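>
There are 2 protein chains.
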Amino acid sequence: MTTSISEELGILRTSSLAAAVEREVERLILNGSFAPGERINENKLASELGTSRGPIREAIRALEGTGLVVSIRNRGSFIRRLSVQEVREVYEVRSALFGLAGKLLAERITEDQLQRLTRFVVEMEEASKRRDFEAYYPLNLAFHEFIVDSAGNTMLAQQYRTFVKKLHLFRARSLVQGGGLTVSNTEHREMLSAVAARDPVWSHEAHCRHVTSARDRLLSVVKAEDALSNTN
Amino acid sequence: MTTSISEELGILRTSSLAAAVEREVERLILNGSFAPGERINENKLASELGTSRGPIREAIRALEGTGLVVSIRNRGSFIRRLSVQEVREVYEVRSALFGLAGKLLAERITEDQLQRLTRFVVEMEEASKRRDFEAYYPLNLAFHEFIVDSAGNTMLAQQYRTFVKKLHLFRARSLVQGGGLTVSNTEHREMLSAVAARDPVWSHEAHCRHVTSARDRLLSVVKAEDALSNTN
DNA sequence: TTTTCGTTAACTGTTGACAATTTTTTCTGA
DNA sequence: TCAGAAAAAATTGTCAACAGTTAACGAAAA
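Pasting the structure below:
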């Protein structure tokens, strides 16, 4: 964790040090550099980022507000750790949010946006056909981002992002991204069809289902792993 | 704004001063003591609450994380002000969240909970029959809280609460609570029927619609007011 | 009267220090 | 060797002070 904060210097003109620290800590969490359950040492982090503890503490409070960090008085602040049940909860909410995004998108998408959306799906299909996972993941991420950003509801987009971030707080972080490429592709096709048809109800349904089936895929893997480790 | 923080002293054993300040500031916002767009003077607030600026700043960051406050570097922190468009956005998200709550509730409600839910509806009907608004509002609030709390998804409940709080950031705060008592009652009845029938789809639909129609009622009043002030 | 510039005051951003609490280490006795 | 108590270290909570920026005010010029 030797990242300099100097990259953020441009941001410091418009935003405070605390905000830069917040971004950095969030990056470290999503990175995996900060593991769920780990304590955040204020002194250590402060000296690593070249600041005092004030901005660090402010950043931690902000992250606490978004639910990525939990603080216990006189004990410290910890990267939040999500239980299986909590992951299920996050997926439920995420599903509702993404369903809303799908519905809104079907109501207001432009021809231009529809073309870009189609290109995303085609590129993902090509990537999965040649088993190019390195290309698939960022495309998949951008695809989902594009959908929530195009839905025309900034509150929704913001909340959706927060909930996706929360999934990184699960112990099996790596599993969240993986699983079911070809399955996803057929789902993506249906989402596209629903949006292209400008059918809000269908689109809502398709987008909802896409998230819940991602949840099911993850949970089945987790369940299998747990069963395996229990018999050992 | 002469409220002492001493009432929160019991909380200080488990939580930090910053957390107590956060609660207090949030109370002042929901209260109306802090108006949307108003700046938060750190020194003033610190001396009023009998602390230093450190905890104040931490509390502000936490509130920024939940979206109740906006900060501009070197200018200060301001109670967020929601535009009509943003209120519409909040209602859209809230509708999706409440719809999810309705769906989940229909799937898992117990007989006990169903009776309590029914009592809420009956009491609200009685209150509106005798035009007792003082009794109606808290009942209505408790009714909604009970639904999201009984849905068995703490993330959902928390987010729902946050979005309801955000509605207080609209200039026409007073209007958010009011309007359409008898209309609400018929909607409440349908929600109740759907939940009692353990029909997730119907319940989802009914709960969604309840929020969107509340939104429509609010927006029509706002629109009417705006039209009035423009002709003056 | 209005505008512009410079001075002053107020306020935010950040830091280092001190107090209180928790955790770790060390020491003692069985 | 181990359990428990005491001491030491580490860490968090809070505060007060200082630096830098912005806003407010008033005087001088157009």
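If you read the sequences in order, they're chains A and B.
Just so you know, the first sequence maps onto residues 1 to 232 in the numbering used here.
Just so you know, the second sequence maps onto residues 1001 to 1232 in the numbering used here.
Backbone N, C-alpha and C define an ideal beta-carbon position, used for all residues, glycine too.
Since this is a predicted model, take the numbers as computed values, not measurements.
1) Between which two residues does the beta strand (DSSP E) containing Gly-76/A stretch?
2) I need the DSSP call for Leu-1017/B, collapsed to helix, strand or coil.
3) Would the segment 1022-1038 of chain B count as touching the segment 1124-1136 of chain B if we require 3 or more Cβ pairs under 8 Å?
4) Near Ala-1142/B, what residues of its chain come up, given a Cβ to Cβ distance below 8 Å and the 5 sequence neighbours on each side ignored?
5) Using a Cβ-Cβ distance under 8 Å, would Ala-62/A count as near chain B?
6) With a floor of 4 residues, list each alpha helix (DSSP H) that falls wholly inside the segment 1109-1180 of chain B, ordered by position along the chain.
7) For Gly-72/A, which residues does DSSP report across the bridge?
8) What residues of chain A sit near Ser-1083/B, judged by a beta carbon separation below 7 Å?
9) Can you list the residues of chain B that Glu-86/A reaches, using a CB-CB cut of under 9 Å?
10) Rounding to the nearest angstrom, what Cα-Cα distance links Arg-1108/B and His-1188/B in this structure?
11) What's the gap between the Cα of Ser-71/A and the Cα of Arg-61/A?
12) Any C-beta of chain A sitting closer than 8 Å to the C-beta of Ala-1018/B?
13) So, under 8 Å CB-CB, Glu-89/A and Thr-1154/B are touching, yes? Tell me the CB distance rounded to an integer number of Å.
14) Output, in chain order, the set of chain A residues within a Cβ distance shorter than 8 Å of Arg-1027/B.
15) I'd like to know whether the C-beta of Gly-76/A is nearer than 8 Å to at least one C-beta of chain B.
16) When the cut-off is 8 Å and only beta carbons count, does Glu-1225/B lie next to chain A?
17) Give the straight-line distance between the Cα atoms of Val-1084/B and Arg-1075/B, rounded to the nearest whole angstrom.
18) Have a look at Ala-19/A and Arg-57/A and give me their C-alpha separation to the nearest angstrom.
19) Please work out which residues of its chain come closer than 6 Å, Cβ to Cβ, to Glu-1042/B, disregarding the five sequence neighbours upstream and downstream, and give them in chain order.
20) What are the boundary residues of the alpha helix (DSSP H) that Ser-1033/B is part of?
21) Determine whether the Cβ of Leu-1097/B lies closer than 8 Å to any Cβ atom of chain A.
22) For Ala-1046/B, report the span of its alpha helix (DSSP H) as first-last.
23) By Cβ distance below 7 Å, which residues in the same chain neighbour Ser-193/A in space, the five residues on each side in sequence not counted?
24) Just the Cα atoms here: how many angstroms apart are Leu-156/A and Thr-162/A?
25) Between the alpha carbons of Ala-214/A and Glu-134/A, how many angstroms are there, rounded?
26) Give a yes or no on whether 8 Å exceeds the smallest Cβ distance from Thr-212/A to chain B.
27) Which residues in chain B have a C-beta closer than 8 Å to the C-beta of Gly-65/A? List them in chain order.
28) Can you find the residues in the same chain that come closer than 7 Å, C-beta to C-beta, to His-207/A, ignoring five residues on each side of it along the sequence?
29) Count the other CB atoms within 10 Å of the CB of Asp-1216/B; is the residue buried (16 or more) or exposed (fewer)?
30) Against Val-195/A, what residues of chain B qualify as contacts under a CB-to-CB distance less than 8 Å, listed in chain order?
31) In chain B, which residues lie with their C-beta within 8 Å of the C-beta of Ser-15/A?
32) Can you pull the DSSP bridge partners for Leu-82/A?
33) For Ala-101/A, name the three-state secondary structure that DSSP assigns.
34) Could you compute how far the alpha carbon of Glu-1225/B sits from the alpha carbon of Leu-1218/B?
35) Is the shortest distance between the beta-carbon of Gln-1115/B and the beta-carbons of chain A less than 8 Å?
Considering the structure as presented:
1) For Gly-76/A, the uninterrupted beta strand (DSSP E) segment begins and ends at 76-79.
2) In the structure shown, Leu-1017/B adopts helical secondary structure according to DSSP, grouped into three states.
3) No, because fewer than three Cβ pairs between the segment 1022-1038 of chain B and the segment 1124-1136 of chain B fall closer than 8 Å, the two stretches do not touch.
4) Phe-1120, listed in sequence order.
5) By this cut-off, Ala-62/A is an interface position.
6) Here the runs fully enclosed are 1111-1129, 1133-1150, 1154-1166 and 1173-1177.
7) Contrary to the premise, residue 72/A reads as Ile rather than Gly in this sequence. Answer is Gly-76/A, bridged to Ile-72/A.
8) Residues of chain A with a Cβ closer than 7 Å to the Cβ of Ser-1083/B do not exist; the shortest Cβ-Cβ separation is about 11 Å.
9) Close to Glu-86/A, with beta-carbon spacing below 9 Å, are these residues of chain B in chain order: Thr-1154 and Met-1155.
10) So the two alpha carbons sit approximately 19 Å from each other.
11) Approximately 8 Å between the Cα atoms of the pair.
12) It does; some Cβ of chain A falls within 8 Å.
13) Right, the Cβ-Cβ distance comes to about 6 Å (below 8 Å), so this counts as a contact.
14) Here the premise fails: no neighbours, minimum Cβ distance about 16 Å.
15) No - not a single Cβ of chain B is within 8 Å of the one on Gly-76/A.
16) At a cut-off of 8 Å, the C-beta of Glu-1225/B has no neighbouring C-beta in chain A.
17) Going by the C-alpha atoms only, they are around 25 Å apart.
18) Using only the alpha carbons, I get a separation of about 11 Å.
19) Hits under 6 Å: Arg-1053 and Ile-1056.
20) From DSSP, Ser-1033/B is part of no alpha helix (DSSP H); its letter is neither H nor E.
21) Interface residue, yes.
22) Note, Ala-1046/B: alpha helix (DSSP H), 1042-1049.
23) Nothing meets the Cβ criterion.
24) If you take the alpha carbons of Leu-156/A and Thr-162/A, they lie about 10 Å apart.
25) Rounded to the nearest angstrom, the two C-alpha atoms are 19 Å apart.
26) For Thr-212/A, not one C-beta of chain B is nearer than 8 Å to its own C-beta.
27) Neighbours of Gly-65/A in chain B, taken as residues at a C-beta separation under 8 Å, are given in chain order as Arg-1061, Ala-1062, Leu-1063, Glu-1064, Gly-1065 and Thr-1066.
28) Phe-98, Gly-99, Ala-101, Gly-102 and Met-191, listed in sequence order.
29) Burial check for Asp-1216/B: the Cβ neighbour count within 10 Å stays below 16, so the residue is exposed.
30) Within chain B, no C-beta atom comes less than 8 Å from the C-beta of Val-195/A; the nearest is roughly 17 Å away.
31) In chain order: Arg-1073.
32) Partner(s): Phe-170/A.
33) It is helical.
34) Separation of Glu-1225/B and Leu-1218/B (C-alpha to C-alpha, rounded to the nearest whole angstrom) is 11 Å.
35) Contact of Gln-1115/B with chain A is not assigned, every C-beta pair being separated by 8 Å or more.
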